[in-house]
Amino acid sequence: MSDEEEDYMSDKFLAGLQDVRPSLVHSRGTKRQIEVESKKEELKKRQRETASSGNVDNVRLQQSLNKPISADNKGFQLLTKMGYKAGSGLGKTSDARTEPVGITIKTGRGGLGREAAVAELTLKRQELRRAHLLSKVGIESGEEVTTEAYRRRATHKAEERKLQYDIKRCQQTCESLDLKSAITEPDLDFFWPPKQKDENETQSDADDPEVEEPSKEEQYSPSEQLELLTGYLRTAYCFCYWCGTNYEDAEDLGSNCPGLTRDDH
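The opening position of the sequence shown corresponds to residue 1 in full-length UniProt numbering, with each subsequent residue numbered one higher.
(1) With a threshold of 6 Å (Cβ to nearest heavy atom), would F239 be considered close to the ligand NAP?
(2) From C257 to Y165, what distance separates their C-alpha atoms?
(3) Would DSSP call K246 helix, strand or coil?
(4) Between the Cα of H156 and those of R46, S223, S38 and V118, spot the shortest distance and give me the residue it belongs to.
(5) By the DSSP assignment, the alpha helix (DSSP H) with A158 in it spans what residues?
(6) Measure the C-alpha to C-alpha separation of Y150 and E175 and round it to an integer number of angstroms.
(7) Taking 8 Å as the cut-off, does the stretch 179-191 touch the stretch 225-243 (at least 3 CB pairs, one atom from each stretch)?
(8) Roughly how many whole angstroms lie between the Cα atoms of G244 and K136?
(9) Starting from the C-beta of C170, find all residues in its chain whose C-beta is less than 8 Å away, skip the five residues before and the five after it, and write them out in chain order.
(10) Starting from the C-beta of E217, find all residues in its chain whose C-beta is less than 8 Å away, skip the five residues before and the five after it, and write them out in chain order.
(11) Between which two residues does the alpha helix (DSSP H) holding E127 run?
(12) Under 7 Å, do A96 and G89 count as touching if we go by C-beta distance?
(13) Roughly how many whole angstroms lie between the Cα atoms of S215 and W192?
(14) Along the chain, where does the alpha helix (DSSP H) containing Y237 start, and where does it finish?
(15) Where does P214 sit, in a helix, a strand or coil, going by DSSP?
(16) From the DSSP output, read off the bridge partner residues of C240.
(17) So, helix, strand or coil for R46, using DSSP?
(18) Determine the burial state of D178: buried for a count of at least 16 other Cβ atoms within 10 Å of its Cβ, exposed for fewer.
(19) Over the uninterrupted alpha helix (DSSP H) stretch that includes T80, give me the two end residues.
(20) Buried or exposed: L253, going by 16 or more other Cβ atoms within 10 Å of its Cβ?
(21) Using a Cβ-Cβ cutoff of less than 8 Å, which residues in the same chain neighbour L65 once the five nearest sequence positions on both sides are dropped?
(22) Suppose the cutoff is 6 Å on Cβ atoms and the five residues either side in sequence are ignored; what does the same chain contact list for R48 look like?
(23) What did DSSP end up calling L260 once you bin it into helix, strand or coil?
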């Protein structure tokens, strides 16, 4: 026997073994723990057997319900004597129930109202997701939605995004050309991209009562801003944003540029 192997007859080897037989355990706490663990295992085993048997019984029940009642059935014979015909509705009216009420064996451990709660939760999540998707295209959740209205709103949103993109590009072009011409301030505030103000400058503007808000007459819609920007670039620098070309002079611009708007190009 090598030195690495332990002697199975030594006290060290026997001390590492754990006897799990409750009758040989002298500690009450250890014995109680072993009994609790064994009961848990038995409970889990019974639950698995109950679930599997419940599924089998449920399938067997559905198969039995799908079969029509035979003619030698006592209940069927009594109904036949009272005028009942196979396949017809059971009741005074002709549209009465023709199939028995469905039966399903409950095998889970959830409460009786859990399935209804889960179904209601799923429906609520679908409604919230629908409202979220509609809000992205500017449609209120309570508003009637049609395919035409959805397409119209989606097209409008796409045009707004495209308009903001064109304004941003025009502002960058205008600032670049103005700076090349040694112009340090834009003619209108929106001709250049907006500058980020630091905290000190923002605080000083708030404390200064002489700082005035821009009047409503100086505020323009995005489409008006784009029109003013493209017109300024054409007049000041013979630059057409839609062509992406800086022409030599006004005559060259007038003869080679298709027009003033996107549609003309």
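The beta-carbon is built from N, C-alpha and C at its ideal position, and this holds for glycine as well.
This one's a predicted model, so the numbers in the text were calculated from it and none came from an experiment.
Result, derived from the coordinates:
(1) With respect to the ligand NAP, the structure offers nothing, as it holds no ligand at all.
(2) Here residue 257 is taken as the residue at index 257 of the sequence shown, counted from 1. Here residue 165 is taken as the residue at index 165 of the sequence shown, counted from 1. Using only the alpha carbons, I get a separation of about 22 Å.
(3) In the sequence shown, residue 246 corresponds to position 246, counting from 1. Looking at the sequence itself, residue 246 is Asn, so the reference to Lys does not match. If DSSP states are grouped into helix, strand and coil, N246 belongs with the strands.
(4) The residue given as residue 156 occupies position 156 in the sequence shown. Here the closest residue by C-alpha is S223.
(5) Taking the first residue of the sequence shown as 1, we reach residue 158 at position 158. Where A158 is concerned, the enclosing alpha helix (DSSP H) stretches over T147 to K180.
(6) By 1-based counting over the sequence shown, the position of residue 150 is 150. By 1-based counting over the sequence shown, the position of residue 175 is 175. Straight-line Cα distance between these residues: approximately 38 Å.
(7) Yes: the two stretches touch, three or more of their Cβ pairs being nearer than 8 Å.
(8) Looking up residue 244 in the sequence shown gives position 244. Looking up residue 136 in the sequence shown gives position 136. Using only the alpha carbons, I get a separation of about 32 Å.
(9) In the sequence shown, counting from the first residue as 1, residue 170 sits at position 170. Taken in chain order, the residues that qualify are L226, L229, T230, L233 and Y241.
(10) In the sequence shown, counting from the first residue as 1, residue 217 sits at position 217. Any reading at E217 is ruled out, since the residue's pLDDT is 44, under 50, leaving its predicted position unreliable.
(11) Residue 127 sits at position 127 when you count from the first residue of the sequence shown. E127 -> alpha helix (DSSP H) spans R114 to K136.
(12) Position 96 of the sequence shown, counted from the start, is the residue given in the question as residue 96. Position 89 of the sequence shown, counted from the start, is the residue given in the question as residue 89. Closer than 7 Å, so yes.
(13) If you number the sequence shown from 1, residue 215 lands on position 215. If you number the sequence shown from 1, residue 192 lands on position 192. With a pLDDT of 49 at S215, under the threshold of 50, the modelled position of this residue cannot be trusted, and the question is left open.
(14) Position 237 of the sequence shown, counted from the start, is the residue given in the question as residue 237. From DSSP, the alpha helix (DSSP H) with Y237 extends over P222 to Y237.
(15) Here the question's residue 214 lines up with position 214 in the sequence shown. Confidence at P214 is low in this model, with a pLDDT of 49, below 50, so the placement of that residue should be treated as unreliable; the coordinate-derived value is given next. Looking at P214 - three-state DSSP - the assignment turns out to be coil, as it is neither helix nor strand.
(16) On the sequence shown, residue 240 is found 240 positions in, with the first residue counted as 1. Note: C240 sits in a beta bridge opposite T245.
(17) Position 46 of the sequence shown, counting from 1, holds the residue named residue 46. Here R46 sits in helix by DSSP.
(18) The sequence position of residue 178 within the sequence shown is 178, counting from 1. It counts as buried.
(19) Along the sequence shown, one-based indexing puts residue 80 at 80. K74 to K81 is the span of the alpha helix (DSSP H), which, as asked, contains T80.
(20) In the sequence shown, counting from the first residue as 1, residue 253 sits at position 253. Flag for L253 reads buried.
(21) Locating residue 65 in the sequence shown gives position 65, where the first residue counts as 1. Within the same chain, L65 has close Cβ partners P100, G102 and I103.
(22) In the sequence shown, counting from the first residue as 1, residue 48 sits at position 48. Nothing meets the Cβ criterion.
(23) Within the sequence shown, numbered from 1, the residue matching residue 260 stands at position 260. Correct three-state label for L260: coil.
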